[in-house]
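*Asks:* Protein chains in written order, with this note's numbering: chain Z, 1 to 335; chain U, 336 to 894; chain F, 895 to 1262; chain P, 1263 to 1588; chain A, 1589 to 1907.
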Amino acid sequence: MLRVVSRRLVQLAITLFALMTLVFFWLRSLPGGPVDALLGERATPQTRELLTKALGYDQPIWVQYGRFLKNVLTGNFGNSIRTGEPVIDVISRSFPATAELAIAAIILAVGLGVPLGYVAARHRGRVLDNATIIVTLIGISVPIFFLGYLLKGWLTQGVHLFPPSGRITTGLDNTEVTGFFVLDGLLTREFDASADALWHLVLPAVTLATIPLAIIIRITRASVLDVLDEDYIRTADAKGLRNPTVRRRHVLRNALLPVVTIIGLQTGALLAGAVLTEKVYNWGGLGTLITDSISGSRDYPVLQALILLAAVVFILVNLVVDLSYAVIDPRVRVR
Amino acid sequence: MRASGMQAQRRRTAIAAGVVAALAIGVAGCAESDRDSGGDEDKAAAGGTFIFAGAGDPKNFDPIFNDDGESFRPIRQMYDTLVTHMPGTAELTGGLAESWSNDPTGKVWTFKLRQGVKFHDGSALDAAAVCANFDRWYTMKGEAAQSQMIYYADVFGGFAGSPDAVYDNCKAQDATTAVVTMKKYKGAFPGAFALTAFSIASPTAIKQYDGNKVTQNGDSFAYSAFATEHPTGTGAFTYGGWNKATGEITLNRNPDYWGEKAKVDKMIIKIIKDENTRKQELRAGAVHAIDFPAPADRKALAAEGYKVLDRPAFNILYLGINQKNPKLRDLRVRQAIAYALNRAQLVQTKGPGGSTVADQFMPNTVLGYAPDVQKYEYNVDKAKQLLADAGATGLTLNFYYPTEVSRPYMPNPQEIFTVLANDLQAAGIKINGVPRPWNGGFKDDVQQFGKQDLHILGWTGDYNDPGNFAGTFFGREKEEFGDGAMTDMFTAIGKADATVDQAAKKAAWEQVNRDLAAKWLPAVPIWHGPPALATAKNVEGLVPSPLTAEEFNTVSITK
Amino acid sequence: MNDTLVELDDLKVHFPIKSGLLFDRTIGWVYAVDGVSLTIRRGETYGLVGESGCGKSTLGRGLLRLVEPTSGRITFDGTDVRALEGEQMRRFRRRMQMVFQDPMSSLDPRQSVESLLVEGLKAHGLHKDKAAMRTRLRSTLDAVGLPASALNRYPHEFSGGQRQRIGIARALVLGPELIVADEPVSALDVSIQAQVVNLLGDLQDSLGLTYLVIAHDLAVVRHISDTIGVMYLGALVEEAQADQLYERPLHPYTRALLSAVPIPDPYVEDQRERILLAGDLPSPANPPTGCRFRTRCPWSQERCAEQRPELRVFDDSGQRVACHFAEEILRGELRPHEVRAEIVRPGSEAAPGVGAELIQTRTDVPAP
Amino acid sequence: MPLLDVRDLSVVFQQGGKPFTAVDGVSFTVEPGQAVGLVGESGCGKSVTSLAIMGLLPRRGNKVTGEVLFDDTDLLRLRPQDLRDRRGRDIGMIFQDPLSSLNPVIPLGLQVAEVLERHQGKKRQEALREARKLLDAVGIPDPTRRLKEFPHQLSGGMRQRALIAIALACKPRLLIADEPTTALDVTIQAQILTLLKELVDESGTALIMITHDLGVVAGLCDTVNVLYAGKVVERAARHELFAAARHPYTHGLLQSVPRLDAGRGGRLHQIRGSVNDNIPWPDGCAFAPRCDRVIDACIGETVPLEPTFRGGALRCTNPVPQEVPA
Amino acid sequence: MTRPGGLSTLAEHKRRRIDELTARTAQAGGVSLIRDAGRRLLRNPTAIVGATIILLFLVIAIFAPLVAPHDPVQRFPELTQDLTVDHIPGPTAGHPLGSDPLGRDFASRMVYGARQTLFVGVLATMIGLLIGVLLGAIAGAVGGWVDVLIMRFTDVMLALPSLLLAITLVALARESTQWTVIMAVAIVNVPIFARLLRGSMLAQRESDHVLAARALGVKRRDVVTRHMLPNSLTAVIVQATLTFAVAILDAAALSFLGLGDPDINRAEWGLMLGVDGVRYFEVRPELAYFPALAIILVALGFTLLGESMREALDPKNRR
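(1) Buried or exposed for Z:A13, please, with buried defined as at least 16 other CB atoms from any protein chain shown within 10 angstroms of its CB.
(2) Distance check for Z:L187 and A:F1869, CA to CA, integer angstroms please.
(3) Identify every residue that forms a DSSP beta bridge with U:H790.
(4) Decide if A:A1616 is buried, meaning its Cβ has at least 16 other Cβ atoms within 10 Å, or exposed.
(5) Checking the sheet assignment: what are the DSSP bridge partners for U:Q505?
(6) Under 6 Å Cβ to Cβ from U:D779, same chain only, skipping five residues before and after it: list those, please.
(7) Answer with buried or exposed for F:I921, where buried requires no fewer than 16 other C-beta atoms within 10 angstroms of its C-beta.
(8) Look up U:A638 in the DSSP assignment and say whether it is helix, strand or coil.
(9) Go ahead and pull the three-state DSSP assignment for P:K1493.
(10) Are the Cβ atoms of P:N1580 and P:I1561 separated by less than 8 Å?
(11) From the DSSP output, in three-state form, read off P:L1576 for me.
(12) Is the separation between the beta-carbon of U:K598 and that of U:S891 shorter than 8 Å?
(13) Residues bridged to U:N578 by DSSP?
(14) Could you check whether the Cβ of A:I1738 sits closer than 8 Å to any Cβ belonging to chain Z?
(15) Using 8 Å for Cβ pairs, my map puts F:T969 next to F:E1013. What's the rounded Cβ distance?
(16) Round the Cβ separation of U:N552 and Z:N79 to the nearest angstrom and send it over; I've been treating them as touching at under 8 Å.
(17) What residues match up with U:K521 in a beta bridge as DSSP calls it?
(18) According to DSSP, simplified to helix, strand and coil, what is Z:A222?
(19) So what's P:M1316 in DSSP terms, helix, strand or just coil?
(20) So, at 6 Å on beta carbons, what are the nonlocal neighbours of U:A827 in its own chain, with the 5 sequence-adjacent residues on each side left out?
(21) Looking at chain A, is there any beta carbon in it that lies within less than 8 Å of the beta carbon of F:F1219?
(22) Quick one: using the 10 Å Cβ neighbour count with 16 as the cut-off for buried, is P:H1381 buried or exposed?
(23) On the premise that P:V1292 lies in contact with P:V1285, defined as a C-beta separation below 8 Å, what is that separation, rounded to the nearest angstrom?
(24) Would you mind giving the Cβ-Cβ distance between P:L1265 and P:A1429, rounded to the nearest angstrom? I have them listed as a contact below 8 Å.
(25) What span of residues does the beta strand (DSSP E) with F:S965 cover, start to end?
(26) Compute the distance between the beta-carbons of A:L1804 and F:A1017, then report whether it is under 8 Å.
(27) Keeping to the same chain, check which residues put their C-beta closer than 6 Å to that of P:V1274; ignore five residues upstream and five downstream.
(28) Which same chain residues, not among the five before or five after A:G1678, have their C-beta less than 6 Å away from its C-beta?
(29) Can you give me the C-alpha to C-alpha distance between Z:R248 and P:Q1358, rounded to a whole angstrom?
(30) Would DSSP call U:E405 helix, strand or coil?
(31) Name the two residues that bound the continuous beta strand (DSSP E) containing U:H863.
Quick look at the structure:
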């Protein structure tokens, strides 16, 4: 177990280093970038020169790389070009927003997906099953930003069922503790803020959950079908065990193994989905940060850090999946 | 309707609050609320909170280090300039200075300051404070800080020690009289004194919060506490905080404001980047006013009872022509391009509402606007003829256009490009479209390297001066236009800009505009497209500014 | 003339067990084949028996150099096979062929029978003369009892027995001298086994082939072999003429094995005395010291733990055995004692999840 | 009165296009304490028969007809929940692949204990104690530790022992063993067979032994049923069967298997074709295409299973003549 | 009368019939596994639906000039005259779906969209497939440190979720053209194809039939090209079918983020949906609905086909 963890961590470090180096040199070779972004339309050539010097772009590339490396190793990713804040601040502020959204989406996807997948499998070949398959296939085929737009158009305009954007009603003076607004409201007893945040969370979470939900349903279904075909289910039946016991103890536990893997992969992939969802709902998280840092501004310091963060999250999530896999499946524990 | 919408939402919120509260019993209690117990809603009933949806993040709140509209919006509420514009126009009027004058050389400016004006930190605004600001700018140390003073570098030419520096000194003649002496005359003044970047900040606060400290870190800069947490000016609102997690900038009413005190207790600038979402938030009643509603939504919003306020046009979109291409050095080819463009149709189909076809590089409110310039009505045949005359049939041009960007004068560059390219193709000019991301190459390629034959770009005026329009584009040789050979154009503009006498200046600029259209044609003006604002029905007193420099102290929310 | 076709001398095939932080390091070895010496005479059938995991298949593959032996010497008709390199080795393969256990998995499902057979010919440049090649294909198919029409069909269209015939034909078409048959009948139905066993016998008679038959079924091996070698945990424990081995098994393991094979005759079954072995085969990655069989041997003595018995010639019959106490046991001087079963963990090679890496397909990853 | 009386059991699979008759009118009985063998090659329907008896065939896609009388109760007509009450309590079953037949993620102890909890209403702790005894009884060393272990941590033989412990936990009156040793090595097979024999003898449990290995049956069963293509083709007491098989298939099968106690060499008797060679019409003997003794009646008419004078039964129109005992 | 009992004419007849049947199956000719899978596929309604959808769009794409009423980039005066910023003309005579935001015939753009969209999808998939297969084949065939290097490289790429990687790639591209998008979407899939092929090749390398080929003395190169590659490609082809749907969706998402194909003259559904569809949703929702529907259908088609191909080729289902 420890071995797996340390192996993964070493891998992570190497991956990060490779990514970092790659991104650094690549960015330096691109046109535009920080100088352009910092200057706006009105800069004089003199200012441009001044800026190039101020940013140290006149120095040899390896000096710049050395400085960059030193900064990164001391946890300093520089300041955002767009906002001038330290990148770390920008990211740590956006992270809870995305995490809150992603967790909500995962809860939705797992909470609905596993039971639906199970039910579909039990009704294999019947109307309910086929309907589920078709719906999930469509779910996978729909561009989620479009779905977000539709949901938003239908449910926030005309009928104001949900707020169209944001994480909390503007002007609602909520106290931030963790940055998870729903949780913060509970912690500070500002229950109205918590409820408000929850209310804002519904549509984005549903949108973001669509694809993971569809996939989890499909995987659960397939997995349950596989397990139902297994010999040990026959053994369980041969023991005369009651149906609920068989289902709970023998079917579900085994069927969830692949689902856990998928949940892990989906959690990483949610970050990608979040880019679209957050743009649709003006959700001030990492997704928004990514688009903001690319589109128009080319905020490379932030972008750099985000790429690293995405890699870290993705790898860590998979590590967690592997570990939880080991917890659920004794066969994996040996190694 | 609005109200009911808001009430409905509140009701739902209340229900949800109950649910959450039930869930939360036992969880709560770790952290105490630091919310003021007064109850915001009761307060709102008095003056209320005005929520304005802006389109982008500000950078910081030190005026001198900013150059973009989104930063200027909150800055303008917190600071004042010596000279300002009359609401809704680009005409100058007294700001912190009740009056101003300059001597016949145009180099010495004398400002008579208002009495009894105090900064938010309680220190007094006097001539010494004004001079402290001028000196601060001039003597700013460090490349980092200097490189971020874009407007200063542009208007004042440079810093202490630079041969191009315009500023000489500032003397406090008495408590209310500040005399600013320049090294040379510049046509930009006095208009430029109204630039938000040159707002007067509290010297005490700057000193206290280390306002001059700009440090380079990585690929960007870090600003002082003055710029980020303690902006201190004289404006109608004081700084209330910036919640970056929710994108809300809170400004509080300044009860000691020298001018018309704010009607609302509080205003929030909520940053919503997506135009569609801004509109939806307006409809949902979550914000009171939005900036830049999408042109396509204007009609619908108006029909639903929202007020769509057009700002008077103070910008220009142009089609730049790069004379590095020898073919384009022929005036006939440039004229052919102008004739080939169906600008009227473009304005009709793609122009922001209320936009007009531009025939010169400044709106008609600016001094020196000439009504009688050559107009280049849409005429494909003439374009073809001119091309044939110039021996430029079968011309192929690289047309650069930006992506990933939307500017007030150019809401959708790709569409504009497509239409323009289509027109040019119809006239027999082959167009090779080259898209470049705004900051990822477009500005570089177009303005620094001049790789293009044609491009679209534009400008929003900063202050009412022809030099801020035509002068900015054509006053000197630029890579953007590859117009190095057009020395007579540079001379004429230089001369017009240096003219001190207003009448003579007007005449000179009119001639410049006529010549720009008929003789030089370094670019084709496309349109003046005023960006709009939209507000809920119950918002009163919001006066749209041509400079997108609205001040919100006049805004009130009726029940 | 020397009638020895194949000679193995102290052949070892060890597989590394790898693990590591970033790059795999070897942390141990599986001693699959651990020092086997044997001789196969020209034209005879050498039967190799043993339970799964004893290394008999690895021995066969090591002999053909389909897995690279760790050490030892392989002499084939006077040629040092391990000294052959690259192209030489490839060309040499024509002389020694292999028949696999599972005819389905060893036949490329994508290729017709013809292309399966031609492939070997091509590899050895025997396809140039089209007419000769045709004749060769025909006669080979004929020899294994398949119609010529089989040529343009695909493996999955045949029944299990026919597939094994194709597998044999593939080996035969090159005209080899030695055929290593790895469990040639164990995947087949009982009624089909006889067909293939007979076929192998017929082919040997008509073509003078030499066989190394590897099987776990002692009855089958006894039926077709001249000489039988018994393997246990990577080593040969006994070797004898087929009848001799059955009549007079010397090694305790052989005795147990023989007594365990069921015989389809109730009268025999009712009277048989079984030597039941306790426990399971130890892991080849961690074999017991000394005699490898001692953990399960009812006759084991202290010496067995200390000293690994050599495979020695027992008497004039040429029977070889690797047991310190073969004589004593045979003479009944040593009484068997009870053996406590030890728990044996399944070896790492049996752990699940080994094989193709789990690849997530993109449907499992969200699309926008 | 027989413990189990299978009468005219048929199973028709209806998945896909053509219905496929896997078991075709199989009848046999099992007396208390008796060991009955079902022998046949793959696809002969022997496993399907056992699953049908246990009611373990998937509910959809197949049709089971006939009667399975256990203690005079027709198992096929029991409500599913009532059948569940009997499974594991009255009838135990063990399977071919002990690894896949044990749940990989559940500790061994619980897998044994749960059947006791279910049928004997024992509490978890008590059931685990009992499970420990059972594991001990089937010869698993150090059973206390094994309780917490998982199937993959045991060797094949130990797994099969565990499976036997589960099947015999409630002391069923009938044990169905479906190829219990096929996946095991010979020496392990011997262990398991000996164990089965002991347990059955001691407890008086009746046994249905399903296997393709005639040798296994020879040592274990009292009566042997030989199946071919879903039908019983011959039934006899084991001594008669092995001494004098009458059906050409049984006869050929016995002849074709090399015997350890026979000498080397010689050609084995071989049966032509393969199990998949079926006659393209419903009537007639399914073995006809492969049979050496085929005559008109084999191909044209339905061949009934007729009792033989020695208490067995035979489905053949032209049986192998009885050899004169030597 | 060679056999006991002997055979009458009737039995002889029947016996002959049996032989005939056996013979016929023998002569049925070679049915390769692929063709067998294909046959199974044809019996699978899911596959039929998927293939029909794809075929339909393919026909439209190929015969776009014949199907479309107009040129997709031409601006029509009769449409532009009614066109304003906040009004886009609906269906009129000659323009069954009305105008797009620039006065072009929307119906024609939808039709040509099939061509462009399939082009983008196919190309992105093929490029990704090609590079991935090449890398995977090298890794699988050569092994050793080359394998380690390639696999670590794919690890780095897989460390970012696919769309995020595509976004990053676009952001990091020197230019922004249609090819930027295609390449970004293609490269995202490279590691997947590479790993898939490599894994499958490793499995093949250990398989009996590869061992058999080696035993025959088949040249190493031939073992790779004739045995390992072809048998590994099946999985890759299935994956490619599924990838196609993802590629189209990714392209649309990039457009929505403003990072897509910058040339809005190009009629591509993702672009039409992500740019015009969203921007003019309230003015004319059809601008969003039609391309979205088309995308969903095509993606569905390829997913259906891919899934049923996977099913058909799955050995588990080959009973």
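Using N, Cα and C, we set each Cβ at its ideal position, and we do this for glycine too.
*Replies:* In this structure, then:
(1) exposed
(2) 40 Å
(3) U:G655 and U:Y735
(4) Residue placement at A:A1616 is flagged as unreliable, the pLDDT there being 44, under the threshold of 50; the coordinate-derived value follows with that caveat. Exposed is the call here.
(5) Correcting the residue identity first, residue 505 of chain U is Cys in this sequence and not Gln. Bridge partners of U:C505: U:V515.
(6) none
(7) exposed
(8) helix
(9) strand
(10) no
(11) strand
(12) yes
(13) U:E583
(14) no
(15) Contact doesn't hold; Cβ gap of about 28 Å is too wide.
(16) 5 Å
(17) In DSSP, U:K521 forms no bridge with anything.
(18) helix
(19) helix
(20) V847
(21) no
(22) buried
(23) Incorrect: roughly 16 Å between the Cβ atoms, too far for contact.
(24) Rounded, the Cβ-Cβ distance is 16 Å, inconsistent with contact.
(25) S965 to F970
(26) yes
(27) P1281, T1283 and K1325
(28) G1686
(29) 25 Å
(30) helix
(31) A858 to H863
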